[in-house]
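Worksheet: the structure to be examined is printed underneath.
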Amino acid sequence: MIRVNMTIDAKGLSCPMPIVKTKKAINELQPGQVLEVQATDKGSKADIKAWAESTGHQYLGTIEEGNVLKHYIRKASDHETKDEATYPHVISNEQLAEKINDDSVVIVDVREPAEYAFGHIPGAVSIPLGELEDRINELPKDKTIYVVCRTGTRSDLAAQKLTEKGFANVWNVVPGMSKWEGPLDTAQS
Numbered sequence: 001m002i003r004v005n006m007t008i009d010a011k012g013l014s015c016p017m018p019i020v021k022t023k024k025a026i027n028e029l030q031p032g033q034v035l036e037v038q039a040t041d042k043g044s045k046a047d048i049k050a051w052a053e054s055t056g057h058q059y060l061g062t063i064e065e066g067n068v069l070k071h072y073i074r075k076a077s078d079h080e081t082k083d084e085a086t087y088p089h090v091i092s093n094e095q096l097a098e099k100i101n102d103d104s105v106v107i108v109d110v111r112e113p114a115e116y117a118f119g120h121i122p123g124a125v126s127i128p129l130g131e132l133e134d135r136i137n138e139l140p141k142d143k144t145i146y147v148v149c150r151t152g153t154r155s156d157l158a159a160q161k162l163t164e165k166g167f168a169n170v171w172n173v174v175p176g177m178s179k180w181e182g183p184l185d186t187a188q189s
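Residue numbering for the sequence shown is 1 to 189, as defined by UniProt numbering.
Written out as structure tokens, the structure reads:
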């Protein structure tokens, strides 16, 4: 049994809301205390882990109980935390729409497979955020990479990770698929 100091309910919420609730709750804890985030969004596992890593808080792990994911995060002390970074290179949906047929461009969709299946930018490569680390070698370092998710939150974290891994020309697409008005591929192959 894991001893927690606070539990928050993010069940039924999709990205970015589990992260938003986690950020708010972690501020109410003392350093060393543990937060339990209960969520049903499968993508929250990668999202919360990536957020914790980007802020210096310790992601302890996730336990699945039925369809509920229980994420555990230990609040870091002030000297362990770092300011939450936002990726500086941002492009709008409209700017990306002008580039989707360019051969020097790779669009990486970091949403979960179900989100991708119900509509994605034609030609976009599906690599969910939680799989990015393991599949990073599938991406060419010599091309411009545009990272997209539903709102710009997961893609921000993914863009930071790609840059850390040596990718030189990476852009975060904001606001992402929630407001995408360009061509849409709905083939579920």
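Here a beta-carbon is modelled for each residue, glycine too, at the ideal position from N, C-alpha and C. Nothing here was measured: the structure is a model prediction, and the numbers come from that model.
- By the C-beta density criterion, P18 is buried, having at least 16 other C-beta atoms within 10 angstroms.
- As for any beta strand (DSSP E) of minimum length 3 sitting wholly inside the UniProt domain "Rhodanese" (101-186), the runs are 105-109, 144-148, 170-174, ordered along the chain.
- The count of Cβ pairs closer than 8 Å, one atom from the segment 181-188 and one from the segment 93-107, reaches three, so the stretches are in contact.
- Counting C-beta pairs closer than 8 Å gives fewer than three between the segment 142-151 and the segment 55-68, which falls short of the contact rule.
- Only buried fits P128, as 16 or more other CB atoms lie within 10 angstroms of its CB.
- With a threshold of 16 other beta carbon atoms within 10 Å, D78 falls short and is exposed.
- The segment 69-77 makes no contact with the segment 128-141: fewer than 3 CB pairs, one atom from each, lie closer than 8 Å.
- Annotation for T153: C15, P16, I19, D47 place their beta carbon closer than 8 Å to its own, counting only its chain and skipping 5 residues before and after.
- One alpha carbon belongs to N67, the other to T81, and they sit about 31 Å apart.
- Restricting attention to beta strand (DSSP E) runs no shorter than 3 residues, the segment 53-80 encloses them at 58-65, 68-74, ordered along the chain.
- Just so you know, the alpha carbons of S126 and V170 end up roughly 16 Å apart.
- Within the model, the alpha-carbon separation for A159 versus L35 is close to 26 Å.
- K42 is positioned such that its CB atom lies closer than 8 Å to that of E112.
- Here S92 is exposed: its Cβ has fewer than 16 other Cβ atoms, across all protein chains shown, within 10 Å.
- Put simply, of M177, E164, L157, V173 the residue whose alpha carbon is nearest the alpha carbon of Y116 is M177.
- Measuring C-alpha to C-alpha distances from D156 to each of E65, A39, V90, K24 identifies V90 as the nearest.
- Around the beta carbon of R3, fewer than 16 other beta carbons sit within 10 angstroms, so the residue counts as exposed.
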